[in-house]
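For the sequence shown, this note's numbering gives the first residue as 16, with consecutive numbering after it.
Even glycine gets a Cβ: it sits at the ideal position worked out from N, Cα and C.
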Amino acid sequence: MAEGNILGPARNRVDGKAKVTGAAKYSVEFEVPKCAYAWPVDSNIAKGKITGIDTSAAQKSPGVLAIVSHLNAPKPKEPGAKESRDSGHGIRNEERVPFADNEVHYAGQYVALVVAQTIEQARHAARLVRVSYAPEQPLLEMEEAEHRARKPSKNHDENVQLKTGNVDAAFADSSLTRIEQTYSTPTETHNPIEMSGTIAAWEADDKLTLWDSTQFVKGVQSIVSRAWNLPTENVRVICPFVGGAFGCKGAVWPHVLAAAMAAKAAGVPVKFHVRRQDMFTSIGHRTPTQQKVSLAATPDGKLKAMRHVTNTLTSTVGQFTESAGARSTGVMYASPSIWVEETVFPVNMSTPTFMRAPGECPGSYALECAMDELAYALKMDPVELRIINHADNHPVKNVPFSAKHLKECYQVGAEKFGWSKRNPKPASMRDGELLVGWGMATKTYPAHIQGAAARVTLKADGSATVQCATHDLGTGAYTAFTQISSEQLGLPFEKIRFELGKSDYPFGPVAGGSNSTATVGKALHELAEALHQTLAQLAIKDPKSPLQNQNPQDISMVAPGRLGLKTDSSKSDTFIDILRRVRRDSIIVETPLKTEQANKNWAFQSWGADFVEVKINPVLPRVQVTRAVSVINCGRVVTFKPARNQIIGGVNMGIGMALMEATEYDPQTGLPAIRNLADYHVVTNADAPVIDVAFVGEPDFTFNPIGCRGIGEIGIVGAAAAVANAVYHATGKRVRDLPITLDKLI
Ligand code: MOS
């Protein structure tokens with residue numbers, strides 16, 4: 016790795032002690048006086064009308080304070096759907112205010128909410144609520160929703176239907192090696208340790224505080240204040256810690272508005288902690304995908320055409336679309352012709368949402384399996400095939416990729432893994448009785464940056480508090496931002512307290528799209544410049560300062576904690592001396608929020624390569640991943656340990672996607688048949704291999720002044736394909752529908 020590509024030493028998490036001692040408070044753990052508890056009543060039909068709600072028994076049940084439904088709920092207005100997640104307006108993927116009317120759009124929809132003094136009382140009373148329905152025939156399958164299918168032209172401002180070159184001509188050319196296969200992925204559900212949840216407390220008719228587990232405090236503030244017609248600052252959102260999110264806490268889901276409605280109705284603060292079972296219906300999920308991938312290449316492996324046609328589901332109360340083809344085939348390899356098509360089918364199921372690398376993750380599964388199939392068809396090493404088709408330029412936008420070190424990822428990964436010892440023949444490698452398979456895949460994820468602002472309070476003792484309404488989802492963001500603040504402001508790491516997770520702080524965007532470190536990092540860079548200029552202004556007016564009467568433009572930080580002349584660093588002064596001499600205990604400096612201008616001359620993506628080993632008992636073919644190497648190029652690494660953790664977590668999640676994760680639905684009711692952690696399998700320690708993570712590359716200063724690109728999502732990309740490819744190599748069986756459970760290998 017290039018010199019200086021890791022910003023600071025391998026820090027432990029600054030919030031580690033608070034977390035292991037239980038001092039860190041998660042949203043629903045806050046103690047709010049007089050707080051009551053909410054328990055939902057869910058629809059058990061997928062489509063129809065509510066014809067009646069009998070609450071007479073529930074009302075008489077002990078402790079009950081209110082029962083809200085469409086019949087009596089204090090209704091906020093529709094805040095309006097804002098598509099872009101770049102906006103400060105917040106994100107809603109289910110575009111319906113809860114309890115809006117008597118319509119049922121999906122099974123599991125909240126139809127009433129019981130508020131009682133204790134959670135047990137609320138749960139008991141919720142069971143006494145009798146809801147009657149006039150059910151209608153729901154649309155539950157892609158085929159049934161054909162007549163309502165849409166082809167969205169854009170997803171978050173990026174084109175998703177792509178066409179370059181002449182794909183048809185290439186596929187008609189019989190001198191080329193052509194493959195065409197369909198891959199499918201199931202519905203997956205976010206299962207962070209901390210379920211979603213909100214405490215809503217009305218301090219006055221027009222003042223509301225929410226403790227909400229969210230990836231976007233400012234977004235929640237914006238949506239809720241618009242829904243209730245309140246001045247923005249009258250809604251406060253607090254979320255200092257998040258116990259995992261993976262995308263499901265990026266949008267505002269019904270429980271947030273419902274908590275506020277229930278608190279209004281009950282006249283006391285209300286806590287609505289989403290049940291694990293409702294995590295499967297009310298906070299989004301990864302939509303299932305069907306992806307047909309076609310590739311055509313010359314005998315020496317040069318891609319001539321790529322086609323990626325994706326069908327996914329969305330709900331009838333949302334627009335969410337998972338752009339699998341555009342975000343994989345649309346970016347990963349050099350090919351003179353590319354065709355990407357995406358169709359979305361609205362069904363009576365709850366609305367899907369972002370889940371770690373939405374688009375890239377399922378898209379790369381299909382594409383990277385197809386590349387493996389092409390390598391076999393060409394009798395070529397899969398790493399070699401990828402190097403031959405390496406893209407220096409973005410294949411659709413035709414601008415160069417900035418600081419791309421993907422070939423180095425392949426090389427370092429292959430070396431660490433011992434790839435050269437691989438016998439390419441399927442089912443040829445053994446460890447005793449066990450079949451051994453080695454597979455690999457490319458990883459990529461775009462580097463996003465948005466606008467953010469920040470505030471610093473510098474004290475005369477040399478300590479500082481830095482604030483931004485950003486988030487730490489468990490990723491290590493507190494530590495990363497402390498590290499960046501230390502470098503940029505020029506203060507010791509230990510002297511900085513970084514505060515986040517409050518809407519009172521300067522603007523931070525959604526912690527989504529792996530944008531936070533780069534975005535807030537840039538804001539901290541701007542904050543440091545502003546702080547140094549403010550100090551310079553004090554120094555030049557101070558007769559005792561060596562910088563007196565100098566032009567502030569000539570002054571910059573010459574060493575940590577010290578300002579000096581750019582041309583003559585012997586003329587310098589320390590932050591502490593400057594403040595002390597003007598008898599200031601502290602100064603506060605805040606930067607304004609600026610809109611980030613897109614740099615259209617470059618394409619910014621992070622890259623990586625996964626190499627995995629599986630071992631499979633041929634009699635009872637349960638797949639065990641025994642080894643993984645993941646090499647990442649993400650520009651500069653801000654804090655090594657949490658960065659490595661992000662990749663380990665992502666690869667493990669990819670292993671879960673390959674082998675176990677799936678939410679199955681009851682075809683009669685449309686309700687998930689799997690809605691708990693006993694049936695929904697995620698990777699545990701027993702399933703997880705030791706994952707060797709390495710970072711390669713150089714700081715990407717073209718992208719931002721810190722040189723870092725995001726890493727939250729790239730870990731999962733490609734990982735499922737690497738496992739699936741290893742399973743093929745071990746067994747000679749190509750399973751094209753995830754997860755690869757043992758029944759599919761028998
Ligand atoms: Mo990420 S799936 O954009 O929270």
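Exposed unless 16 or more other CB atoms sit within 10 angstroms - verdict on residue i
i	result
G37	exposed
G374	buried
N740	buried
T582	exposed
G747	exposed
L539	buried
A683	Checking the sequence, you will find Gln at residue 683 rather than Ala. With fewer than 16 Cβ atoms within 10 Å of its Cβ, Q683 is classed as exposed.
L515	buried
L86	exposed
D487	buried
E218	exposed
D625	buried
Q152	exposed
Check: residue i C-beta below 8 Å from any heavy atom of the ligand MOS
i	result
E209	no
F522	no
P113	no
G5	Residue 5 is absent from the structure shown; the chain starts at 16 and stops at 761.
G491	no
P377	no
Q306	no
A372	yes
A260	yes
Residue i, enclosing alpha helix (DSSP H) - first and last residue
i	result
K307	Premise fails: K307 lies in the beta strand (DSSP E), T304 to A312, not in any alpha helix (DSSP H).
S237	V232 to A242
Y493	A492 to S500
I428	Note that residue 428 is Gly in the sequence shown here, rather than Ile. Its alpha helix (DSSP H) spans residues L421 to F432.
V738	A734 to T746
Span of the beta strand (DSSP E) around residue i
i	result
I706	I706 to F710
K64	G63 to D69
F360	I353 to V362
R138	Note, R138: premise wrong, no beta strand (DSSP E); alpha helix (DSSP H) at I134 to L143.
Q620	Q620 to I631
H540	Run containing H540: none in the beta strand (DSSP E); it sits in the alpha helix (DSSP H), S531 to I555.
R577	R577 to L580
V267	From DSSP, V267 is part of no beta strand (DSSP E); its letter is neither H nor E.
6 Å Cβ shell around residue i - same chain, five flanking residues per side excluded
i	result
G528	H463
V130	A51, A53, L80, A81, A277, A281 and V285
T197	K307
G466	L608, K609, T610 and E611
Q639	K630
G212	S42, V43, S228, H288 and V289
H409	A618
Pairwise C-alpha distance: residue j and residue i
i	j	result
G433	E388	21 Å
A88	Y348	53 Å
L245	N108	22 Å
H171	A266	14 Å
L450	K440	12 Å
Y391	D315	12 Å
S189	I706	42 Å
D588	G712	36 Å
R595	P461	46 Å
A216	G733	43 Å
V738	P24	33 Å
A418	P714	8 Å
Q548	F508	21 Å
A701	S343	31 Å
V573	A643	44 Å
T33	P397	Sequence check: residue 33 is Ala here, not Thr. Computed Cα separation, rounded: 46 Å.
D446	K436	14 Å
T497	N20	17 Å
Cut-off 8 Å between Cβ atoms - residues of its own chain near residue i, not counting five sequence neighbours on either side
i	result
S168	N174, V175 and Q176
K586	P561, L562, Q565, G579 and L580
T133	Y52 and G78
Own chain, CB closer than 7 Å to residue i, minus 5 neighbours either side, in chain order
i	result
Y41	E209, S228, F256 and G258
S546	A quick correction: the sequence has Leu, not Ser, at residue 546. Once the five neighbours on either side are set aside, the close Cβ partners of L546 are V471, L473, L504 and V604.
A312	L191, T192, L318, K319, L389 and L393
is_contact[residue i, chain B] using C-beta, thresh 9 Å
i	result
A277	Among the protein chains of the structure shown there is no chain B, as only one such chain exists.
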